[in-house]
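Here's the structure, in structure tokens; my notes come after.
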Amino acid sequence: MFDEAKAFVLSRPLTFLASAGAVYVAFKIKKFFTLPSIKPKPGIHKFDYKPDTVYLYQFRRLKNCPNMSPFCMKIEIICRVYGINYEVIENAKLRSRNGTLPFIELNGKHISDSDLIEIRLRQHFKIPSLPSEQEAHATALTRMADNHLFHILMRYHCADNIFYKTFLELLDFNPYIIPLAIPFMKQTIGGQIYKNSTSAIGDFEPEELDELLHRDLKVFETVLEDKKFLFGDQITPVDAAFFSQLAAVYYPFHTHITEVLEKDFPKILEFCERVKSQVYPNDFCV
Numbered sequence: 182m183f184d185e186a187k188a189f190v191l192s193r194p195l196t197f198l199a200s201a202g203a204v205y206v207a208f209k210i211k212k213f214f215t216l217p218s219i220k221p222k223p224g225i226h227k228f229d230y231k232p233d234t235v236y237l238y239q240f241r242r243l244k245n246c247p248n249m250s251p252f253c254m255k256i257e258i259i260c261r262v263y264g265i266n267y268e269v270i271e272n273a274k275l276r277s278r279n280g281t282l283p284f285i286e287l288n289g290k291h292i293s294d295s296d297l298i299e300i301r302l303r304q305h306f307k308i309p310s311l312p313s314e315q316e317a318h319a320t321a322l323t324r325m326a327d328n329h330l331f332h333i334l335m336r337y338h339c340a341d342n343i344f345y346k347t348f349l350e351l352l353d354f355n356p357y358i359i360p361l362a363i364p365f366m367k368q369t370i371g372g373q374i375y376k377n378s379t380s381a382i383g384d385f386e387p388e389e390l391d392e393l394l395h396r397d398l399k400v401f402e403t404v405l406e407d408k409k410f411l412f413g414d415q416i417t418p419v420d421a422a423f424f425s426q427l428a429a430v431y432y433p434f435h436t437h438i439t440e441v442l443e444k445d446f447p448k449i450l451e452f453c454e455r456v457k458s459q460v461y462p463n464d465f466c467v
């Protein structure tokens, strides 16, 4: 069969190219007229689940930080602060419907995306909200942390080899392969991170990016004032979001972020230490 096909291609190359082109055009036309559709939810992995127990699928822990992903860390903090029964399922392969981590399974249902997970946890476990004006303020700060500050931090993150080395270790790569894989990872994963960042917040020179970083941190410092946490004496979901973004880059690595926090924002570092000592007293080894 293969020989016959090869003979056809060689004897009638123009016919073959025309046929291949027609198939390609037909595919593109079909795709153009097909409405976008959301991917179906994957099946659950935990069939013998305990009622009202959150199964949190996330990356493996680091030695000096609970998780490399701020979004995984945020969900775990919410579970700990509000006394929600949960089990961490560390994995390097499973992903949510959106191709990301974290995702959770709760009472036999798959829930992906940390924003939606937070909403579902608030609803199901009746997590109290702040007074309406403060809650609106907290929601805006969470969006700022997760959708703006995150992309600034990732721009600095993806410039350092240690980020890729740690990431490859979490994916169970052979230690001997990692040094060879880092240049490829910087080109592919780093390039995608850069693209996602510029699509989300724009492309900036290093000095401009540093200005944006300082502006974002100044907003949180202003809200914090002299309080223990952003809205008082108790940790709330917005504290979880802000802390997680900083903890994922400050504790595992020494980068420009480290210098900025230690030099210009000591109050924010004190805030981070308070959250760390209350939520993760035994999970950091800095």
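In terms of my numbering, the sequence shown opens at residue 182 and continues consecutively. Beta carbons are placed, not taken as given, at the ideal position from N, Cα and C, and that holds for glycine.
query = From which residue to which residue does the beta strand (DSSP E) around His291 run?
reply = Lys290 to Ser293
ask   = Would DSSP call Gln315 helix, strand or coil?
value = helix
key: Span of the beta strand (DSSP E) around Gln239   = Counting along the chain, the beta strand (DSSP E) containing Gln239 begins and ends at Val235 to Gln239.
task = Give me whichever residues DSSP pairs with Ile270 in a beta bridge.
result = Note: Ile270 sits in a beta bridge opposite Tyr238.
inquiry  = Are the CB atoms of Pro232 and Asn279 within a distance shorter than 8 Å?
reply    = No, these two residues do not count as a Cβ contact at 8 Å.
CB contact flag (Ile292, Ser425, <8 Å) = Not a contact, by the Cβ cut-off of 8 Å.
Nearest-angstrom Cα separation, counted from Pro356 out to Arg324 = Those two C-alpha atoms are separated by around 37 Å.
ask   = Going straight from the alpha carbon of Glu392 to that of Phe252, what length do you get?
value = 24 Å
message = Between Phe344 and chain B, is the shortest Cβ-Cβ distance under 8 Å, so that the two count as touching?
response = This model lacks chain B altogether, as it is built from one protein chain only.
request  = Drop a sphere of 10 angstroms on the beta-carbon of Ser527, count the other beta-carbons inside from all chains shown, and report buried for 16 or more, exposed for fewer.
outcome  = No statement about residue 527 is possible, as the shown extent of the chain runs from 182 to 467 and does not include it.
query = What's the C-alpha gap between Asn328 and Ser250?
reply = 14 Å
key: Terminal residues of the beta strand (DSSP E) in which Leu287 lies   = Phe284 to Leu287
inquiry  = Taking the alpha helix (DSSP H) that Gln426 belongs to, which residues open and close that run?
reply    = Counting along the chain, the alpha helix (DSSP H) containing Gln426 begins and ends at Pro418 to Tyr431.
ask   = Alpha carbon to alpha carbon, what distance is there between Phe344 and Pro447?
value = 24 Å
message = Please classify Thr417 as buried or exposed, where buried requires at least 16 neighbouring CB atoms within 10 angstroms.
response = buried
ask   = Between which two residues does the alpha helix (DSSP H) carrying Asp397 extend?
value = For Asp397, the enclosing alpha helix (DSSP H) begins and ends at Pro387 to Leu405.
message = If you measure between the beta carbons of Leu334 and Val419, is that distance less than 8 Å?
response = no
request  = Kindly indicate which three-state DSSP category Phe140 falls into: helix, strand or coil?
outcome  = Nothing can be reported for residue 140: it is not among the residues displayed for the chain, which extend from 182 to 467.
task = Tell me whether the beta-carbon of Val460 lies closer than 8 Å to the beta-carbon of Val235.
result = no
message = Using C-beta distances below 6 Å, list every residue in its chain close to Arg301, excluding the 5 sequence neighbours before and after it, in chain order.
response = Ile292
request  = Tell me whether Phe365 is buried or exposed, calling it buried when 16 or more other Cβ atoms sit within 10 Å of its Cβ.
outcome  = exposed
task = Report the rounded CA-to-CA distance for Gln415 versus Lys409, giving the unit in angstroms.
result = 8 Å
key: Contacting residues, own chain, Cβ-Cβ under 7 Å from Gln315 (five flanking each side not counted)   = Phe412
query = How would you label Leu427, buried or exposed, when you count the other beta carbons within 10 angstroms and need 16 or more for buried?
reply = buried
task = Pick out whichever of Ile438, Phe452, Asp397 and His338 has its Cα sitting closest to the Cα of Ala421.
result = The shortest Cα separation from Ala421 among Ile438, Phe452, Asp397 and His338 belongs to Phe452.
task = Keeping to the same chain, check which residues put their C-beta closer than 7 Å to that of Lys472; ignore five residues upstream and five downstream.
result = Here the chain has residues from 182 to 467 only, and residue 472 is not among them.
ask   = Looking only at its own chain, which residues have a Cβ that is under 6 Å from the Cβ of Pro387, when we skip the five neighbours before and after it?
value = none
request  = Find out if the Cβ-Cβ distance for the pair Leu394, Val441 is shorter than 8 Å.
outcome  = yes
key: Buried versus exposed, by CB contacts within 10 Å (16 or more), Gly372   = exposed
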